[in-house]
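Peer 1: If you count the sequence shown from 1, you need to add 2 to reach the working numbering.
Don't be surprised by glycine CBs; every beta carbon is placed ideally from N, CA and C.
Since the structure is predicted, the reported quantities are computational estimates derived from the model, not experimental observations.
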Amino acid sequence: EKRVREKIFGIECWVTSKEDFILSKLVYGGWQDYTDALGCWLRFQNELDKDYLQDVSRQLDIEQEYSLLKSGIDDPDEFFNRLRVQ
Numbered sequence: 003e004k005r006v007r008e009k010i011f012g013i014e015c016w017v018t019s020k021e022d023f024i025l026s027k028l029v030y031g032g033w034q035d036y037t038d039a040l041g042c043w044l045r046f047q048n049e050l051d052k053d054y055l056q057d058v059s060r061q062l063d064i065e066q067e068y069s070l071l072k073s074g075i076d077d078p079d080e081f082f083n084r085l086r087v088q
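1. What does the Cβ neighbour count give for S59, buried or exposed, with the cut at 16 atoms within 10 Å?
2. Which of the three DSSP states, helix, strand or coil, is assigned to K52?
3. With distances taken Cα to Cα, identify the nearest neighbour of L44 among L85, E80, R5 and I75.
4. Let's see if you can read the secondary structure: which residues bound the beta strand (DSSP E) around R7?
5. Just the Cα atoms here: how many angstroms apart are Q61 and E80?
6. Along the chain, where does the beta strand (DSSP E) that runs through I13 open and close?
7. Could you check which residue in F82, Q47 and E21 has the C-alpha nearest to that of D57?
8. Could you pull the start and end residues of the alpha helix (DSSP H) that D102 belongs to?
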């Protein structure tokens with residue numbers, strides 16, 4: 003877990019990291035979840051710890067989902083169709 007401390011409305015609290023957000027969305031596996039994960043991936047792609055994402059996706063058995071996310075498929079329907087085929 004790569005949680006981070008952030009100040010929200012003047013209060014310090016723990017929040018999930020971008021990487022864990024993406025991984026959790028891929029685990030949940032819904033249409034909106036993929037859209038959320040893709041949005042985070044596209045926006046923060048250069049800041050993400052890709053080694054961590056690869057390692058944890060392997061541990062969670064979502065390597066296929068992570069691989070498709072990295073490919074940049076921007077249509078959730080296409081994403082799910084490719085998951086079914088592989």
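Peer 2: From the atom records:
1. On the sequence shown, residue 59 is found 57 positions in, with the first residue counted as 1. By the 10 Å Cβ count, S59 comes out buried.
2. What you label residue 52 is simply residue 50 of the sequence shown in a count that begins at 1. K52 falls in the helix class under three-state DSSP.
3. Against the sequence shown, residue 44 aligns to sequence position 42. Shortest Cα-Cα distance from L44 to any of L85, E80, R5 and I75 involves I75.
4. As a position in the sequence shown, residue 7 is number 5, starting the count at 1. Note, R7: beta strand (DSSP E), V6 to I10.
5. For the purposes of this step, residue 61 is taken as residue 59 along the sequence shown, with counting starting at 1. For the purposes of this step, residue 80 is taken as residue 78 along the sequence shown, with counting starting at 1. Between Q61 and E80, the C-alpha separation is close to 25 Å.
6. One-based indexing of the sequence shown puts residue 13 at position 11. Boundaries of the beta strand (DSSP E) harbouring I13: I13 to V17, taken from the DSSP string.
7. As a first step, residue 57 must be located in the sequence shown, where it is residue number 55. The residue with the shortest Cα to Cα distance from D57 is E21.
8. Coverage of the chain is limited to positions 3 through 88, which leaves residue 102 absent and any answer about it impossible.
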